[in-house]
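K.L.:
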Amino acid sequence: RKAKYTHPSPMLSLAKYQATIDGIPPTELTEKWLNNIDATEFDVTPKFDGNAANVIYTDGKLTQILSRGDGNKGRDITDKVKHNVPSEINTKGIVEIRGEICISANNFKTDKYSDFLNPRNAVAGILNSDEYSDDFINELDFLPVDVRQTIDGETIYLETSNIKGLKHTSFKFDFNKGYDFNSIYDKMLNFREELTQYQLDGFVIKTEISKRSSLGENSHDPNWAIAIKFPPKQAITKII
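Mapping to our numbering: the sequence shown position 98 is 93, numbers consecutive.
(1) If you reduce the DSSP assignment to three classes, tell me which class PRO117 lands in.
(2) By the DSSP assignment, the beta strand (DSSP E) with TYR127 in it spans what residues?
(3) Rounding to the nearest angstrom, what Cα-Cα distance links ALA222 and PHE176 in this structure?
(4) My output table needs one value for LYS162: the three-state DSSP class, helix, strand or coil.
(5) Can you find the residues in the same chain that come closer than 6 Å, C-beta to C-beta, to TYR180, ignoring five residues on each side of it along the sequence?
(6) Counting beta carbon pairs with one atom in the segment 25 to 35 and one in the segment 118 to 128, are three or more of them shorter than 8 Å?
(7) By DSSP, does TYR180 sit in helix, in strand, or in coil?
(8) Tell me ASN49's beta-bridge partners as DSSP assigns them.
(9) Buried or exposed, going by whether 16 or more other CB atoms sit within 10 Å of the CB of ASP17?
(10) Mind the definition here: the segment 157 to 168 touches the segment 106 to 124 only if three or more C-beta pairs lie below 8 Å; say whether that holds.
(11) Run through DSSP, which three-state label would ARG187 get?
(12) Quick one: does the C-beta of VAL80 sit closer than 7 Å to a heavy atom of the ligand ZN?
(13) Starting from the N-terminal side, write out each stretch of the beta strand (DSSP E) that is 3 residues or longer and does not extend beyond the segment 208 to 235.
(14) Roughly how many angstroms lie between the CA atoms of THR53 and GLU95, to the nearest whole one?
(15) What separation, rounded to the nearest whole angstrom, lies between the Cα atoms of PRO227 and ALA14?
(16) Hey, is the segment 100 to 111 in contact with the segment 77 to 84, meaning 3+ C-beta pairs nearer than 8 Å?
(17) Check whether the segment 39 to 48 and the segment 198 to 213 touch, using three or more Cβ-Cβ pairs below 8 Å as the test.
(18) Quick check: the Cα distance between THR1 and GLN192, rounded to an integer number of angstroms?
(19) Tell me, which residues are paired with TYR152 by DSSP?
(20) Determine the closest residue to ALA34 out of THR105, PHE168 and ARG93, with distance taken between C-alpha atoms.
(21) Smallest Cα separation from PHE137: which of LEU57, LYS77, ASP65 and SER214?
(22) If you draw a straight line from the alpha carbon of ASN133 to that of LYS75, how long is it in whole angstroms?
(23) On a Cα-Cα basis, can you pick out the residue from ILE89, LEU210, PHE43 and ASP44 that is closest to LYS56?
(24) So what does DSSP say about THR86, is it helix, strand or coil?
(25) Tell me where the beta strand (DSSP E) around VAL39 begins and ends.
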């Protein structure tokens, strides 16, 4: 279980812009980034609060599913996630589907998860132990956020919706049609509070796919995406 395997390409982190504790979004920083990008259309995906994973295909066949680990190497978690992804896809070369492993709120409400503090904690416990039955494993959901294909050393990016058999949640915003950062922030905050069954702590803004290869990546994060973090949820407790 402790063996580590190398990702075909590094799973980088993201540049993060944090909303204030009292709920003010990072508008100025985000708009500066948006204005430096030569694009008007952006993809937005929820930033699911789960456990990151990389689903790897070689010439269309599922070969391995790895945890993120340190971004360069991760553990093999194929047996616990393969039920959630197609065994074959219609592609050539190496395809990596990055996403988050989560448990839905409805499933987490059942008594069998009473030993866990939250859904993310439950996912980590199930992935890191061989003691859990298929009843737990089958409730792990893989939610894709990015797809990259490498052929002869060249990387291109694909739409998650083009891969049959995957769950996917993404939104497109065209700034030429009246959208701005604050309207996106409000829409994604409403998605978290009212619509999704999964925990999420923010969202990710990405340039349209056609521009990602030219923008490239640095040693820490892709130049074509940033993460927006919601304020942490707060509560008051009395210590006796």
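For every residue, glycine included, the Cβ atom is placed at its ideal position computed from N, Cα and C.
P.N.:
In this structure, then:
(1) At residue 117 the sequence reads Ala, which differs from the Pro that was named. ALA117: helix per DSSP, three-state reduction.
(2) Taken as a continuous stretch (DSSP letters only), TYR127 belongs to no beta strand (DSSP E), as it is neither H nor E.
(3) Rounded to the nearest angstrom, the two C-alpha atoms are 13 Å apart.
(4) Residue state, collapsed to three classes: coil.
(5) Excluding positions up to five away in sequence, the list reads PRO20.
(6) The count of Cβ pairs closer than 8 Å, one atom from the segment 118 to 128 and one from the segment 25 to 35, stays below three, leaving the stretches out of contact.
(7) In the three-state reduction of the DSSP assignment, TYR180 falls in the helix class, which pools H, G and I.
(8) In the DSSP output, where bridge partners are listed per residue, ASN49 has LEU61 and ARG93.
(9) ASP17 comes out exposed.
(10) Three or more Cβ pairs closer than 8 Å define a contact, and the segment 157 to 168 falls short of that threshold against the segment 106 to 124.
(11) Of the three classes helix, strand and coil, the one that applies to ARG187 here is helix, per DSSP.
(12) In terms of ligand content, the structure shown is empty, and the ligand ZN therefore cannot be addressed.
(13) List check, beta strand (DSSP E) in window: 220 to 224.
(14) Cα to Cα, the separation comes out at about 21 Å.
(15) Each residue's alpha carbon lies about 9 Å from the other.
(16) Output reads no: the segment 77 to 84 does not touch the segment 100 to 111.
(17) Here the segment 39 to 48 lies against the segment 198 to 213, with 3 or more beta-carbon pairs under 8 Å apart.
(18) Going by the C-alpha atoms only, they are around 32 Å apart.
(19) According to DSSP, TYR152 bridges with ARG143.
(20) Closest in C-alpha terms to ALA34, from the list THR105, PHE168 and ARG93, comes PHE168.
(21) Measuring from the Cα of PHE137, the nearest candidate turns out to be LYS77.
(22) Answer to the nearest angstrom: the Cα atoms are 8 Å apart.
(23) Here the closest residue by C-alpha is ILE89.
(24) In the structure shown, THR86 falls within a coil segment according to DSSP collapsed to helix, strand and coil.
(25) Judged by DSSP secondary structure, VAL39 falls within the beta strand (DSSP E) whose first and last residues are 36 to 43.
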